[in-house]
Amino acid sequence: MQFKKLAPLMGGLLVMSVGLAACGQTKTKTKQTTSTATKVAKATKQTVTTADVKNAKKLLINQKKWRYNAKNKVYYQVGVKYGTKTSSSTYESMGIFIPAKYVTAKASGQKTYTITFNNKAKVKGYTAKTAPIVMPVNTPGYAAQTAPTSYDSNANKYTKAGFIYVAAGCRGLNQTDKSNGSSPWGVTDLKAAVRTLRLNSKRIAGDTNRVFTFGHSGGGAQSALMGATGDSKKYTTYLKTIGAPMATTSGKSTSDAVAGAMAWCPITSLDTANEAYEWNMGQYSNSGTRKQGTWTKALSNDMATSYAQYINKLGLKDADGKTLTLKKSTNGIYTSGSYATYLKKEVEQSLNNFLKDTTFPYKATSNEGPSGAAAQTGTTTGKMPSGSKPSGTAKSGSQPSGGAPSGGTTSASSTSGKTYKTATAYIKALNKNGKWITYNAKKNTATITSMKAFVKHCKTASKDVGAFDGLTRQQTENKLFATSDSSANHFDSTISKLLTANHAKYAKLKNYKASYAKAYQSDLKKTNAQGKSIQSRMNLYNPLYYLTSYYDGYNTSKVAKYWRIRTGIDQTDTALTVETNLALTLKQNPQVKNVDFATVWGQGHTEAERTGNYETNFIKWVNKSLK
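Here the sequence shown is numbered in the working numbering, starting from 31 and rising by one per residue.
Take a look at the structure:
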């Protein structure tokens with residue numbers, strides 16, 4: 031069941047806006063922002079108790095326990111607790127890393143120092159008071175992120191940029207206690223870390239109102255959640271369960287809202303991710319679980335239809351304020367309408383960006399690893415992006431969502447591994463099995479015939495029907511909704527409804543079992559140890575729940591002002607609609623100041639960038655946001 035409010039539907043033609051987008055500061059926008067600010071302030075206001083104040087005193091950082099890394103000129107402290115009732119010494123603490131220029135230190139023990147701050151010294155234009163704080167969320171497949179126990183070399187690039195680097199561990203799916211590593215504990219732990227930074231704002235360098243999170247895949251999803259769910263009261267129960275600091279020692283409420291969120295290929299919006307996958311990719315597949323005549327193909331088609339109905343109620347708008355919708359079509363399932371046109375233009379923009387950015391000769395390189403995992407390096411030829419190892423602290427855990435089903439493939443593109451001397455040669459190769467791209471060599475621009483053609487050539491479905499909520503609970507995301515009696519549960523209410531409503535139709539087709547519908551119905555009734563339903567936990571892990579008026583969570587959280595989203599357009603781990611919808615809702619949200627969104631041609635499920643190194647680009651974006 032979707033918890034939603036009705037959103038007005040408007041017709042209209044699409045006018046495509048591409049590239050970087052920022053919310054305009056018009057008078058109307060200002061009025062909306064003022065009204066929104068009042069609503070948000072009321073919805074997120076916390077009541078501070080005496081117990082909260084006592085709890086805060088136990089989480090103050092000891093200023094005599096800082097250590098120094100002479101090689102990198104960084105003062106740091108690890109093992110910093112962010113909760114008084116935490117259950118894991120491996121995951122539930124954080125490390126804080128501060129450029130030495132911000133610090134005045136005095137030896138306080140064996141290799142430990144007492145520090146104060148030099149607010150005049152600058153690193154890349156920042157001071158101890160103004161430096162941003164960056165937090166990696168390296169949780170592929172929603173895995174746990176281990177907390178650092180010693181100096182973390184991943185901090186180096188960021189401290190040299192003048193940033194404060196905070197590596198916060200968090201629980202996830204690769205823990206021993208499976209039910210305790212499920213939603214919403216990962217984001218809860220990260221929120222507790224941010225609240226602890228604010229509690230200790232005078233004990234650390236950096237501006238605690240300038241916290242930026244960044245992550246890829248499941249980490250990109252949780253980074254997006256950190257940006258969307260700031261100070262949501264729906265997390266209060268979970269935060270108090272681990273003894274997070276809900277107040278300062280002076281009795282003021284703390285905050286877990288962040289200033290900015292960076293997400294590469296976020297596996298998110300799980301309430302509709304299964305249906306989006308079938309609409310965007312599944313409807314064009316006729317193999318495996320989507321083979322004609324199978325009951326799962328019938329289910330796939332019904333899911334695609336359901337997704338179109340969802341889009342028509344979501345109220346997404348283009349840059350001109352016209353609502354994007356889907357229409358029934360003679361070819362395909364709801365492949366007409368302004369929303370379909372918008373996606374087609376988005377693909378064309380991605381291709382044209384590639385043509386603009388790339389110096390030929392160009393070697394196409396697959397960047398999809400085993401089972402859909404990121405290969406950890408970007409394209410290194412021409413002027414395309416280069417990458418390095420992710421900048422989080424977790425080195426173990428499950429791979430990002432995206433395993434190939436029987437008969438599936440994780441190949442990003444048929445052009446992979448080949449070198450092309452010219453753009454014309456590259457386009458010719460893409461058109462090898464039928465022309466779908468028209469290239470204007472003089473202008474170095476291209477157009478495509480249809481989304482179907484793009485999916486066929488570059489983004490074929492690689493997951494079985496039930497891409498995130500598997501029919502036998504086999505997907506990574508099923509584990510995200512674990513309960514004490516089960517390490518994996520169904521969570522998709524739309525699939526559940528379709529199985530019940532269309533039982534007679536599916537039963538006539540091969541291999542259908544009535545037990546599927548019963549399993550979904552049973553799982554969706556389960557609650558966790560806090561007495562919360564699967565649906566309520568789903569809402570907590572759906573950024574759109576907080577970003578658009580379609581959902582009841584709209585205006586109940588403090589949304590980050592700055593967003594940067596990048597996705598490899600070839601990735602088959604999730605539908606292109608996921609990142610697109612996230613970007614569109616952010617552009618419409620009056621709390622958001624800037625949205626920097628791009629799909630990257632020829633890239634898969636990786637830290638995709640049009641040009642340059644993803645870490646360097648992230649640093650540049652943070653700097654630009656704070657100018």
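We treat Cβ as the ideally placed atom computed from N, Cα and C, and that holds for glycine.
Legend entry - 4 or more residues per run - each alpha helix (DSSP H) lying fully within the segment 440–527: The segment 440–527 contains these whole alpha helix (DSSP H) runs: 453–460, 481–488, 506–509.
Inset, instruction - Go through its chain and collect everything with a Cβ distance to S514's Cβ below 7 Å, but skip five positions before and after it. - result: In the sequence shown, counting from the first residue as 1, residue 514 sits at position 484. Closer than 7 Å at Cβ, skipping near neighbours: S209, A559.
Legend entry - Reduced DSSP category for K327 - H, G, I as helix; E, B as strand; rest coil: Within the sequence shown, numbered from 1, the residue matching residue 327 stands at position 297. Reduced to three states, the DSSP call for K327 is helix.
Inset, instruction - Flag this pair as touching only if the segment 152–166 and the segment 185–203 have three or more C-beta atom pairs under 8 Å; answer yes or no. - result: yes
Legend entry - Runs of beta strand (DSSP E) wholly within the segment 199–249 (minimum 3 residues, chain order): Correct list: 241–246.
Inset, instruction - Inspect the beta-carbon positions of A135 and Y106 and report whether they are closer than 8 Å. - result: Taking the sequence shown and counting its residues from 1, one reaches residue 135 at position 105. Taking the sequence shown and counting its residues from 1, one reaches residue 106 at position 76. No. Outside cutoff.
Inset, instruction - Excluding the 5 residues preceding and the 5 following R503 in the sequence, name in chain order all residues of the same chain whose CB lies nearer than 7 Å to its CB. - result: Numbered from 1 along the sequence shown, position 473 holds the residue referred to as residue 503. Take R503, set aside five residues on each side of it, and the residues of its chain with a beta-carbon closer than 7 Å to its own are A518, N519, H520, in chain order.
Legend entry - From A605, Y112, K548, residue whose alpha carbon lies closest to that of T284: Here residue 284 corresponds to residue number 254 of the sequence shown, with the count starting at 1. Comparing Cα-Cα distances from T284 to each of A605, Y112, K548, the minimum goes to Y112.
Inset, instruction - For P170, name the three-state secondary structure that DSSP assigns. - result: For this step, residue 170 is matched to residue 140 along the sequence shown. If DSSP states are grouped into helix, strand and coil, P170 belongs with the helices.
Inset, instruction - Counting only the same chain and skipping the five closest in sequence on each side, list residues whose C-beta sits under 6 Å from that of S456. - result: Here residue 456 refers to the residue found at position 426 when the sequence shown is read from its first residue. Strictly speaking, residue 456 in this sequence is Tyr, with Ser absent from that position. Counting only Cβ-Cβ distances below 6 Å, and skipping sequence neighbours, we find Y450.
Legend entry - Span of the alpha helix (DSSP H), counted from its first residue to its last, around V625: As a working note, residue 625 is residue 595 in the sequence shown. Where V625 is concerned, there is no enclosing alpha helix (DSSP H), although the beta strand (DSSP E) it sits in stretches over 624–630.
Inset, instruction - With DSSP as the reference, label S283 as helix, strand or coil. - result: Stepping through the sequence shown from its first residue, residue 283 is reached at position 253. Three-state result, S283: strand.
Inset, instruction - Give me the Cα-Cα distance between R596 and Y314, rounded to the nearest whole angstrom. - result: Translated into the one-based positions of the sequence shown, residue 596 becomes position 566. Translated into the one-based positions of the sequence shown, residue 314 becomes position 284. Computed Cα separation, rounded: 25 Å.
Legend entry - Three-pair Cβ contact test at 8 Å for the segment 276–283 versus the segment 603–623: no
Inset, instruction - State the start and end residues of the unbroken beta strand (DSSP E) segment that holds W96. - result: For this step, residue 96 is matched to residue 66 along the sequence shown. Counting along the chain, W96 falls outside any beta strand (DSSP E), and DSSP gives it neither H nor E.
Inset, instruction - Using a Cβ cut-off of 8 Å (strictly closer), state whether I595 contacts chain B. - result: Protein chains in the displayed structure number just one, and chain B is not present.
Inset, instruction - Kindly examine the ligand NAD and report whether one of its heavy atoms sits closer than 7 Å to the Cβ of F390. - result: The ligand NAD is not part of this structure, which contains no ligands at all.
Legend entry - Sequence-distant residues of the same chain with beta carbon closer than 8 Å to S526, five excluded per side: Residue numbering aside, residue 526 sits at position 496 when the sequence shown is read from its first letter. Cβ neighbours of S526 beyond the five flanking positions: H520, A547, Y550, Q551, L554.
Inset, instruction - Using only alpha-carbon positions, find the residue among L229, T142, T120 that is nearest to K88. - result: Walking along the sequence shown from the start, residue 88 turns up at place 58. Comparing Cα-Cα distances from K88 to each of L229, T142, T120, the minimum goes to L229.
Inset, instruction - Below 8 Å on the Cβ atoms is my guess for S330 versus A293; work out the distance and round it to an integer in Å. - result: Indexing the sequence shown from 1 puts residue 330 at position 300. Indexing the sequence shown from 1 puts residue 293 at position 263. Not a contact, Cβ separation roughly 27 Å.
Legend entry - Own chain partners of F384 with C-beta closer than 7 Å, once the 5 adjacent residues on each side are dropped: Counted from its first residue, the sequence shown places residue 384 at position 354. Cβ neighbours of F384 beyond the five flanking positions: W631, G632.
Inset, instruction - Rank K321, T176, L373 by C-alpha distance to the C-alpha of A613 and give the top, closest one. - result: Counting from 1 along the sequence shown, the entry for residue 613 is found at position 583. The candidate whose alpha carbon is nearest that of A613 is L373.
Inset, instruction - Output the distance between the C-alpha atoms of F484 and T629, rounded to the nearest integer angstrom. - result: Against the sequence shown, residue 484 aligns to sequence position 454. Against the sequence shown, residue 629 aligns to sequence position 599. The straight-line gap from Cα to Cα measures roughly 14 Å.
Inset, instruction - Kindly indicate which three-state DSSP category G366 falls into: helix, strand or coil? - result: Walking along the sequence shown from the start, residue 366 turns up at place 336. Checking the sequence shown, residue 366 turns out to be Ser, not Gly. Looking at S366 - three-state DSSP - the assignment turns out to be strand.
Inset, instruction - Could you please give the first and the last residue of the uninterrupted beta strand (DSSP E) stretch that includes F127? - result: Taking the first residue of the sequence shown as position 1, residue 127 is located at position 97. F127: member of the beta strand (DSSP E) spanning 124–129, first to last residue.
Legend entry - Host alpha helix (DSSP H) of A135 (start-end): By one-based count along the sequence shown, residue 135 stands at place 105. Under the DSSP assignment, A135 falls outside any alpha helix (DSSP H), being part of the beta strand (DSSP E) whose first and last residues are 133–139.
Legend entry - Sheet register partners of Y550 (DSSP bridge): In the sequence shown, counting from the first residue as 1, residue 550 sits at position 520. DSSP, once it has assigned bridges, lists no residue as partnering Y550.
Inset, instruction - To the nearest angstrom, report how far apart R535 and I478 are at their CA atoms. - result: Within the sequence shown, residue 535 is the residue found at index 505, counting from 1. Within the sequence shown, residue 478 is the residue found at index 448, counting from 1. One point to set straight first is that residue 535 is Lys, not Arg, in the sequence displayed. Taking the straight line from one Cα to the other gives about 36 Å.
Legend entry - Validate contact between the segment 304–312 and the segment 259–276 using beta carbons, cut 8 Å, 3 pairs: no
Inset, instruction - Might you give, ordered along the chain, the residues of its own chain that have their beta carbon closer than 8 Å to the beta carbon of L203, omitting 5 neighbours on each side? - result: Counted from its first residue, the sequence shown places residue 203 at position 173. Only G171, Y172, A173, A174, G211, S212, G427, S428, T506, K509, L510 meet the Cβ criterion.
Inset, instruction - Closer than 6 Å by C-beta to T243: which residues in its own chain qualify, once you throw out the five before and the five after it? Chain order, please. - result: In the sequence shown, the residue the question calls residue 243 occupies position 213. M165, V167, S253, M256, V288, A291, listed in sequence order.
Inset, instruction - Could you pull out every residue in the same chain whose Cβ sits closer than 7 Å to the Cβ of K23, ignoring the five residues on either side in sequence? - result: A question about residue 23 goes unanswered here, because the residues of the chain that appear run from 31 up to 657.
Legend entry - DSSP three-state assignment for R640, whether helix, strand or coil: Counting from 1 along the sequence shown, the entry for residue 640 is found at position 610. R640 falls in the coil class under three-state DSSP.
Inset, instruction - Using a threshold of 8 Å, state whether the C-beta atoms of M481 and V608 are closer than that. - result: Position 451 of the sequence shown, counted from the first residue, corresponds to residue 481. Position 578 of the sequence shown, counted from the first residue, corresponds to residue 608. No, these two residues do not count as a Cβ contact at 8 Å.
Legend entry - Sequence-distant residues of its chain with Cβ nearer than 6 Å to N149 (five each side left out): On the sequence shown, residue 149 is found 119 positions in, with the first residue counted as 1. The beta carbon of N149 sits closer than 6 Å to the beta carbons of T157, A158, K159 from its chain, once the five residues preceding and following it are set aside; these are given in chain order.
Inset, instruction - Closer than 7 Å by C-beta to R240: which residues in its own chain qualify, once you throw out the five before and the five after it? Chain order, please. - result: Stepping through the sequence shown from its first residue, residue 240 is reached at position 210. Here the set comprises P162, I163, A289, L656.
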